[in-house]
Structure formats: C-alpha cells, structure tokens
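Residue numbers (the working numbering): 6 to 297.
A virtual CB, placed ideally from N, CA and C, is assigned to each residue, including glycine.
Please read the structure below before turning to the comments.
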Amino acid sequence: MKIYVVATIAWILLQFSAWTTTDAVTSITLDLVNPTAGQYSSFVDKIRNNVKDPNLKYGGTDIAVIGPPSKEKFLRINFQSSRGTVSLGLKRDNLYVVAYLAMDNTNVNRAYYFRSEITSAELTALFPEATTANQKALEYTEDYQSIEKNAQITQGDKSRKELGLGIDLLLTSMEAVNKKARVVKNEARFLLIAIQMTAEVARFRYIQNLVTKNFPNKFDSDNKVIQFEVSWRKISTAIYGDAKNGVFNKDYDFGFGKVRQVKDLQMGLLMYLGKPKSSNEANSTAYATTVL
Numbered sequence: 006m007k008i009y010v011v012a013t014i015a016w017i018l019l020q021f022s023a024w025t026t027t028d029a030v031t032s033i034t035l036d037l038v039n040p041t042a043g044q045y046s047s048f049v050d051k052i053r054n055n056v057k058d059p060n061l062k063y064g065g066t067d068i069a070v071i072g073p074p075s076k077e078k079f080l081r082i083n084f085q086s087s088r089g090t091v092s093l094g095l096k097r098d099n100l101y102v103v104a105y106l107a108m109d110n111t112n113v114n115r116a117y118y119f120r121s122e123i124t125s126a127e128l129t130a131l132f133p134e135a136t137t138a139n140q141k142a143l144e145y146t147e148d149y150q151s152i153e154k155n156a157q158i159t160q161g162d163k164s165r166k167e168l169g170l171g172i173d174l175l176l177t178s179m180e181a182v183n184k185k186a187r188v189v190k191n192e193a194r195f196l197l198i199a200i201q202m203t204a205e206v207a208r209f210r211y212i213q214n215l216v217t218k219n220f221p222n223k224f225d226s227d228n229k230v231i232q233f234e235v236s237w238r239k240i241s242t243a244i245y246g247d248a249k250n251g252v253f254n255k256d257y258d259f260g261f262g263k264v265r266q267v268k269d270l271q272m273g274l275l276m277y278l279g280k281p282k283s284s285n286e287a288n289s290t291a292y293a294t295t296v297l
C-alpha cells in the first residue's frame, strides 16, 4: 500500500512538473469600449513592465530596458470592443509583430502569421483558439515597407504616416478585420496602426504623449514619429555605448535635430544589448563614431 501511495505521489509530481514547464504566454488587454487616456497609459506601462529587466540600466538613466531572451518568447495583446476581440502577437525580446488573431465572417478564429518569426507550434500556444488548419502564413514580410505596400496607401509619401494614429483609428482599423472576410489592404492597415499603438508607444514616450494629448481622436503623424520608429536600435546603441549619467559624450542627430541630454529623447524602452558598459567603455569616442 505504501509503495502504491509513493508511486502515485511521484506520478502526480511528474505531471505537475510537465504542466508548469509548458511555455506560458502573458496576455495584456486594452478595452476599447469608452477607454480613457489613463487606461491607455496603464496598458502601455504594462507592456513595458512585462518585458523589461528591472536590474538593467543603460547610460546612467532610468529608462526601462528589455530583458535578455527567455523561455517565454511571445507577448499577446488583446484589443476588446463591443463586437469582439482581435489579438496581436509580439516578440518579447524586441516587440516585433509576429502574428494576429481575428474571427472571419463565419465566426471562425483564424491566426495569420509571419513565417520567419514564429512556428506553427508556437502559434498554437500563442493563439489556441485557432486550429492548425486555420493558421495562415502572410504573403508579405514583417517590415514596415512590406506592410505599407500591402496597405495600398495612395496619399502623400505612401507611408504609414499618411494613416495617422489614435485610439479611434485603432478601433476603426480593428473592426475592419474583426468578423469580416479577409481583405489584405484592411489587414495591413490594421497591423501598421496596431504595431505603432503598442510596440512603438512602449519604446517612445514621445509617441505615447501624442496619443494621450489627442485622446481619443485620430491625429496626423509627423516626420519625428517616423524617425523615432526607424531609429530605435541606433538610439538604444548610442545610450548603451556612449552615455554617462544621462548625457551623451557628443551631440547625436537621429533625424530631428542634435541631442546631448538623453532625457530630451523621451524614451520609454530600450533594446537589450547586453550587460551595461563600464564608464570608460561608455565614453569611448571610437565606439561613438561607429554608431553614427
């Protein structure tokens, strides 16, 4: 009898171990039914806090830094409206988009993904609502240029800047893919807006402040928004390698004027680049030259 009990306990412990080692996916939800600017800011803070390493600080600043790669690879973002939920999948180590989940016009959950960013098994863990048969690889790639091309933007410079940003616009673009037959143009426009309203606002407080200032209305993006979005790696690298106590060793120009004080960049989240550099390394003129 004792042997049986011991064996049973051992089996239970083994099963419990298997359950807890299953890759977990953290979900963060934004309710788009009458949201407030405060609720949106709290949503953005949750993204930052979830992916940051509290022990990492670069350049003598208090800017959050993404933690090193971990077993939990993805973050799920849920956009809820009165008509249902559309979800976005982001990589935790850089907040790059990997997939999205939406119901089609027959109320079937379908997961669409970038083939080079996530496997079918990982997609099942991220979006279990969609069966393997209802997973579809997108015909374009995850970079802004490819998504913009499929968004068929005809105004101005034909970039995402012409779409604008804002909570109302996020809701409108979400509804265009929620419980609808798939239209690539609408899908790409949703992705462009959703990426900026999640990943980019988490990286850049400058963009977050524009959203809350105009909340909940749509507003026109400016060139500075775009310059920030294409400079995240460059800015993170400069702070990591050439800043001390929040001051750069020299003036930097990331496309919107010279900057010496890191705080003037209004950063929200930095890319993970390794352990912080020592003071001597951070003030290396030779290093600073390589990132300009």
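With distance defined between alpha-carbon atoms, name the residue in the options nearest to residue i.
i, options, result
"Asp67", "Gly260, Tyr257, Tyr245 and Leu170", "Tyr245"
"Val252", "Gln266, Asp227, Leu95 and Ser241", "Gln266"
"Asn99", "Pro281, Leu274, Gln232 and Thr129", "Leu274"
"Thr111", "Ile33, Gln85 and Arg187", "Arg187"
"Ala107", "Ala126, Leu168, Gln140 and Phe119", "Gln140"
"Asn250", "Asn54, Tyr63 and Leu37", "Tyr63"
"Pro73", "Ala138, Asn60 and Ser151", "Asn60"
"Ala156", "Glu134, Phe195 and Ser125", "Phe195"
"Trp237", "Tyr211, Asn222, Arg81 and Ala138", "Tyr211"
"Glu134", "Glu234, Asn55, Leu37 and Arg81", "Arg81"
"Tyr101", "Val30, Asp225, Ser164 and Arg208", "Arg208"
"Asp227", "Asp162, Thr90, Thr136 and Lys255", "Asp162"
"Asp109", "Leu168, Thr203, Glu122 and Glu192", "Glu192"
"Ser92", "Thr203, Val264, Pro40 and Gln150", "Thr203"
"Val113", "Thr146, Tyr105, Thr129 and Thr136", "Thr136"
"Ala29", "Thr129, Asn214, Lys263 and Ile200", "Thr129"
"Ala138", "Thr146, Ser125, Glu147 and Asp148", "Ser125"
"Asp225", "Val189, Phe261, Gln160 and Phe259", "Gln160"
"Asn222", "Leu168, Lys190 and Val264", "Leu168"
"Val189", "Gln201, Thr146 and Gln213", "Thr146"
"Met276", "Glu180, Gly260, Lys239 and Lys268", "Lys239"
"Phe261", "Lys280, Met272, Lys268 and Phe233", "Phe233"
"Arg53", "Phe220, Val206, Lys218 and Asn214", "Val206"
Please say whether residue j and residue i have beta carbons closer to each other than 8 Å?
i, j, result
"Lys57", "Ala42", "no"
"Arg97", "Lys184", "no"
"Ser241", "Leu270", "no"
"Val103", "Phe84", "no"
"Lys51", "Ile33", "yes"
"Leu170", "Val235", "no"
"Ser178", "Ile231", "no"
"Leu35", "Phe48", "yes"
"Thr31", "Asn55", "yes"
Give me the Cβ distance between residue i and residue j, rounded to the nearest whole Å; I'm assuming they're in contact under 8 Å.
i, j, result
"Glu45", "Ile172", "The sequence as given places Tyr at residue 45; Glu does not occur at that position. Going by Cβ atoms, the distance from Tyr45 to Ile172 rounds to 6 Å, so yes, they are a contact pair."
"Phe132", "Ala142", "That belief does not hold up - the Cβ atoms of Phe132 and Ala142 are roughly 14 Å apart, past 8 Å."
"Glu153", "Phe79", "So it is not a contact: roughly 24 Å between Cβ atoms."
"Ser86", "Leu176", "6 Å"
Please classify residue i as buried or exposed, where buried requires at least 16 neighbouring CB atoms within 10 angstroms.
i, result
"Lys166", "buried"
"Lys282", "buried"
"Gly94", "buried"
"Thr26", "A caution first: Thr26 carries a pLDDT of 28, below 50, which makes its placement in the model too unreliable to give a value."
"Phe21", "Its pLDDT being 35, under 50, Phe21 is placed unreliably in this model, and the value from its coordinates should be taken loosely. Exposed, since its Cβ has fewer than 16 Cβ neighbours within 10 Å."
"Glu144", "exposed"
"Asp256", "exposed"
"Ala243", "buried"
"Asp247", "buried"
"Gln150", "exposed"
"Leu297", "Note that Leu297 scores a pLDDT of 35, beneath 50, so its modelled location is shaky; the value from the coordinates is reported in the next line. The residue is exposed, with fewer than 16 neighbouring Cβ atoms inside 10 Å."
"Asn39", "exposed"
When you measure from the CB of residue i to every non-hydrogen atom of the ligand FMN, does any distance come out below 7 Å?
i, result
"Gly251", "As far as ligands go, the structure on display features none, and thus does not contain the ligand FMN."
Please give me, in chain order, every unbroken run of the beta strand (DSSP E) with length at least 3 that falls completely inside the region 65 to 104. 79 to 86 and 89 to 96
Restricting to runs no shorter than 4 residues, where is the alpha helix (DSSP H) found entirely within the region 163 to 209? 172 to 180 and 189 to 200
Every unbroken alpha helix (DSSP H) inside the region 211 to 285 [4 residues or more]: 228 to 234 and 237 to 247
Length at least 4, wholly inside the region 117 to 154: the alpha helix (DSSP H) runs in chain order: Entirely contained in the region 117 to 154, the alpha helix (DSSP H) runs reaching 4 residues are, in chain order, 125 to 131.
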